[in-house]
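First up is the structure itself, then whatever we jot down about it.
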Amino acid sequence: MTGPATLPDQPPEQDPPLPETRPHLGHALASEWTKMVSVRSTLWTLGALVLLVVGIGLLAVGETNDPTGFTNPPHTAAAVFGLLVGQVAVIVLGVLTVTSEYATGLIRTTLTAAPDRARVLTAKYLVFAAVAFTVVSASVAVVGIASMIAVDSPQAHQTAGEWLAALTGCLYITLLGVLGLAIGAVVRHSAGAIAVMLGLVTLPPVVGGMLTMWDSLTPLGNLIIRYNAPVAIMQMFGLPTSEVGGLPGNWAQLALIVAVAGAAVAGSYAVVGRRDV
Amino acid sequence: MIEAVGLTKRFGAKTAVDQLSFQVRPGHVTGFLGPNGSGKSTTMRMILGLDQPTSGQVTINGRPFRELGNAQRNVGALLDAKAVHGGRRARTHLLSIAQLSGIPEKRVDEVLAVVGLQDVARRRTKGFSLGMGQRLGIATALLGDPRVLLFDEPVNGLDPEGILWVRNLMRQLASEGRTVFVSSHLMSEMALTADHLIVIGRGRLLADMGTQEFIAHNSAGFARVRAAGNDQDGRKALAAALTAAGGRVLQEPDGALRVTGLELPHISDLAHGVGVRLWELSPHRASLEEAYMRMTQSSVEYTSTEDPRAELWEPDPLALPAWEDGAAAPEVPQDGFFAPPPPGAGGKPFLMPGSAAELAGTAGTAPNNPEDTR
Numbered sequence: 005m006t007g008p009a010t011l012p013d014q015p016p017e018q019d020p021p022l023p024e025t026r027p028h029l030g031h032a033l034a035s036e037w038t039k040m041v042s043v044r045s046t047l048w049t050l051g052a053l054v055l056l057v058v059g060i061g062l063l064a065v066g067e068t069n070d071p072t073g074f075t076n077p078p079h080t081a082a083a084v085f086g087l088l089v090g091q092v093a094v095i096v097l098g099v100l101t102v103t104s105e106y107a108t109g110l111i112r113t114t115l116t117a118a119p120d121r122a123r124v125l126t127a128k129y130l131v132f133a134a135v136a137f138t139v140v141s142a143s144v145a146v147v148g149i150a151s152m153i154a155v156d157s158p159q160a161h162q163t164a165g166e167w168l169a170a171l172t173g174c175l176y177i178t179l180l181g182v183l184g185l186a187i188g189a190v191v192r193h194s195a196g197a198i199a200v201m202l203g204l205v206t207l208p209p210v211v212g213g214m215l216t217m218w219d220s221l222t223p224l225g226n227l228i229i230r231y232n233a234p235v236a237i238m239q240m241f242g243l244p245t246s247e248v249g250g251l252p253g254n255w256a257q258l259a260l261i262v263a264v265a266g267a268a269v270a271g272s273y274a275v276v277g278r279r280d281v
Numbered sequence: 068m069i070e071a072v073g074l075t076k077r078f079g080a081k082t083a084v085d086q087l088s089f090q091v092r093p094g095h096v097t098g099f100l101g102p103n104g105s106g107k108s109t110t111m112r113m114i115l116g117l118d119q120p121t122s123g124q125v126t127i128n129g130r131p132f133r134e135l136g137n138a139q140r141n142v143g144a145l146l147d148a149k150a151v152h153g154g155r156r157a158r159t160h161l162l163s164i165a166q167l168s169g170i171p172e173k174r175v176d177e178v179l180a181v182v183g184l185q186d187v188a189r190r191r192t193k194g195f196s197l198g199m200g201q202r203l204g205i206a207t208a209l210l211g212d213p214r215v216l217l218f219d220e221p222v223n224g225l226d227p228e229g230i231l232w233v234r235n236l237m238r239q240l241a242s243e244g245r246t247v248f249v250s251s252h253l254m255s256e257m258a259l260t261a262d263h264l265i266v267i268g269r270g271r272l273l274a275d276m277g278t279q280e281f282i283a284h285n286s287a288g289f290a291r292v293r294a295a296g297n298d299q300d301g302r303k304a305l306a307a308a309l310t311a312a313g314g315r316v317l318q319e320p321d322g323a324l325r326v327t328g329l330e331l332p333h334i335s336d337l338a339h340g341v342g343v344r345l346w347e348l349s350p351h352r353a354s355l356e357e358a359y360m361r362m363t364q365s366s367v368e369y370t371s372t373e374d375p376r377a378e379l380w381e382p383d384p385l386a387l388p389a390w391e392d393g394a395a396a397p398e399v400p401q402d403g404f405f406a407p408p409p410p411g412a413g414g415k416p417f418l419m420p421g422s423a424a425e426l427a428g429t430a431g432t433a434p435n436n437p438e439d440t441r
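Protein chains in written order, with our numbering: chain Y, 5 to 281; chain W, 68 to 441.
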């Protein structure tokens, strides 16, 4: 370690003084962006996501020898297999965005530098959502376009509506990550928040199926089977999903996750704003 | 200027900080002393708005921390050297904190140079030693060139060169008119660094005074007087004469007496007066460390208990039954290695036993239990 230098408070050439103005959300966004791109966990989770979606997607495209395989589902459907696993990576990144600060104690440094906790939390939500949505949709787009090139058949199709539905699916997965971030902000522990999120994503199909075994609970079971994350994602990517007829529309599925994530986000603002750190 | 008024923090049934009121003035290094668990860090967290006080309030330059316009321009703090993401590089860490207040990137390189970390700026902080972590934390505190600085145990883990550097940095920051508030439990360090001391124990204010004043009040010297041979009667006569003349007397196990409140020549005269020859009459000055230990001994949070194999222990030298009557030296803590307090320093603002009876009950029974002396 080199010896200490003198304080640069009176630098030789007169620098402009540091800003005195009240910092705004833009500053927090820049900070969160720096934080997100400067740790390896971001690279690992997003890398895993891209690898899963694009890798499995291209594999699926390559194995679809029969051009008629794409008559019903659109090109982007090939991405769904990777996404069903890749959503976990998005969730983990969402959770880690906030819990890594609590785990290391960095949150105290952050909130000492920026006492307005809502500003910091908002920046976290925005930066994470933008990054996750961009990466997920880009991966899906790669798979869709690769499929369009590889499967050259007049029957294969991808209408604007189907692109929009795929984009809705990407938004759905992003919102799962936002939900993970909100839960991470409330429980403050990486493992705990990830466990909760995995339960939320993987349990409903099982529980729903289990409930249909009892006649009195069958309607509830069917409801759960129709409204859960894997089913919603498959549906938005145009795959026929359930034998329990009467599937809700894409917008109903999206509205549900928006409501759940929204409530969790609101709760996280209330808790983080009040709690001692 | 930091001003706390009636600051109180309870965690469940435990009161971590109890009705704390103090001021930290600009232009001085103010030391914040207290045993482990005395509430120093909690107080600092409340100053920084991280913890909400149960009651009372604390302001920085007249405003609560969370209402400051630009926090980093006003207050810089080092709370915990390990409060960084180990996977992030030192420079990126500082940059992400600087960006929160729109502080330009150039300033990041400046503070890295100030703390001497420019060569490891691009290393991940996971591999940093505790000393490097402290330097990084100090760099974080300096980012906004703030008017108020708080440091929680800044010299922990630093080598002697680093300790000297921190000491000079604190003094320089204060000489520039900033408010510098440094917590520590290293007495010797504080004696060299701080102009003013705030001492707390069990969350309560024990002392708020200048360092020199603190030493003068609390670390009085004593005179050791040893009567010739094993002259029991002579020793008793001497002690009686010394007590009658207004001194305070404690007996050491080997028969020597510790005397305060009397000048050495006067002690000699008194000994001559009662016809006792002296083998020793020597002055002893106590240190700030001793003063601090005596002041906080009743408020130490984590104390060792009696070892079951106590037969291996030396007997507590001053815990022998007091042979002079209790009223002669009511406020002498008989359970330590310390000099009796000088006359006039007793009572406020120290936490001393309320009555002689309380003390007498503790002298022989549980010298290590702080509860009993309160």
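Yeah, the Cβ is synthetic: ideal placement off N, Cα and C, and Gly gets one too. All of these numbers come straight from a predicted model, not from anything done at the bench.
Contact of residue 122 of chain W with chain Y is not assigned, every C-beta pair being separated by 7 angstroms or more.
Going by C-alpha positions, residue 68 of chain Y is about 50 angstroms away from residue 121 of chain Y. Residue 225 of chain Y places its beta carbon less than 7 angstroms from that of residue 215 of chain Y. By the neighbour-count definition (other C-beta atoms within 10 Å, threshold 16), residue 78 of chain Y is a buried residue. Cβ proximity to chain W below 9 angstroms picks out nothing from the segment 264–277 of chain Y. Per the coordinates, the alpha-carbon of residue 344 of chain W lies some 12 angstroms from the alpha-carbon of residue 304 of chain W. Excluding the 5 residues flanking it on each side, residue 110 of chain W has same chain C-beta neighbours closer than 6 angstroms at 84, in chain order. Boundaries of the alpha helix (DSSP H) harbouring residue 44 of chain Y: 44–67, taken from the DSSP string.
Only buried fits residue 125 of chain Y, as 16 or more other CB atoms lie within 10 angstroms of its CB. For residue 90 of chain W, the CB contacts under 6 angstroms within the same chain, skipping 5 residues up- and downstream, are 70 in chain order. The three-state reading of DSSP puts residue 265 of chain W in strand, counting E and B together.
Residues of the same chain with a CB within less than 8 angstroms of the CB of residue 256 of chain W, apart from the 5 flanking positions on each side, are 222, 230 and 234 in chain order. It is roughly 19 angstroms from the alpha-carbon of residue 22 of chain Y to the alpha-carbon of residue 182 of chain W.
Boundaries of the alpha helix (DSSP H) harbouring residue 160 of chain W: 157–166, taken from the DSSP string.
Under the three-state reduction of DSSP, residue 310 of chain W is assigned to helix. A distance of 7 angstroms or more separates the beta carbons of residue 342 of chain W and residue 329 of chain W.
Taking residue 280 of chain W as reference, the option from W/113, W/88, W/258 and W/200 with the minimal CA-CA separation is W/258. In chain order, 68, 246 and 263 place their CB closer than 8 angstroms to the CB of residue 92 of chain W, counting only its own chain and leaving out the 5 sequence neighbours on each side. Note on residue 117 of chain Y: 16 or more other CB atoms within 10 angstroms of its CB, so buried under the neighbour-count rule. Three or more pairs of CB atoms, one per stretch, sit closer than 8 angstroms, so the segment 126–146 of chain Y contacts the segment 25–37 of chain Y.
For residue 96 of chain W, the uninterrupted beta strand (DSSP E) run begins and ends at 96–100, by DSSP. Within the segment 147–169 of chain W, the residues whose Cβ lies closer than 9 angstroms to any Cβ of chain Y are, in chain order, 147, 149, 150, 151, 152, 153, 154, 155, 156, 159, 160, 162, 163, 164, 165, 166, 167, 168 and 169.
Shown here, residue 193 of chain Y sits in coil according to DSSP, grouped into three states, outside any helix or strand. Residue pairing by DSSP puts residue 275 of chain W in a beta bridge opposite W/265.
For a Cβ distance threshold of 8 angstroms, residue set 119 of chain Y lies close to residue 132 of chain W, ordered along the chain. Looking only at W/73, W/325, W/180 and W/252, the smallest Cα-Cα distance to residue 121 of chain W is reached by W/73. Contacts with chain Y (Cβ-Cβ distance below 9 angstroms) from the segment 101–112 of chain W involve 112, listed in chain order. W/211 is the residue among W/159, W/114, W/202 and W/211 whose C-alpha sits nearest the C-alpha of residue 141 of chain W.
For chain Y, the residues of the segment 135–146 of chain W that bring a beta carbon within less than 8 angstroms of one of its beta carbons are 135, 136, 137, 138, 139, 140, 142, 144 and 146, in chain order.
In the DSSP assignment, residue 219 of chain W falls within the unbroken beta strand (DSSP E) covering 215–219. Assignment of residue 209 of chain Y by DSSP, reduced to helix, strand and coil, places it in the helix class.
Annotated three-state conformation of residue 149 of chain W is coil, per DSSP. With a minimum length of 3 residues, the unbroken runs of beta strand (DSSP E) contained wholly in the segment 164–243 of chain W fall at 215–219. Taken in chain order, the complete beta strand (DSSP E) segments of 3 residues or longer contained in the segment 73–121 of chain W are 81–91 and 96–100.
The three-state reading of DSSP puts residue 143 of chain W in strand, counting E and B together.
With 16 or more other CB atoms across the displayed protein chains lying within 10 angstroms of its CB, residue 232 of chain W is buried.
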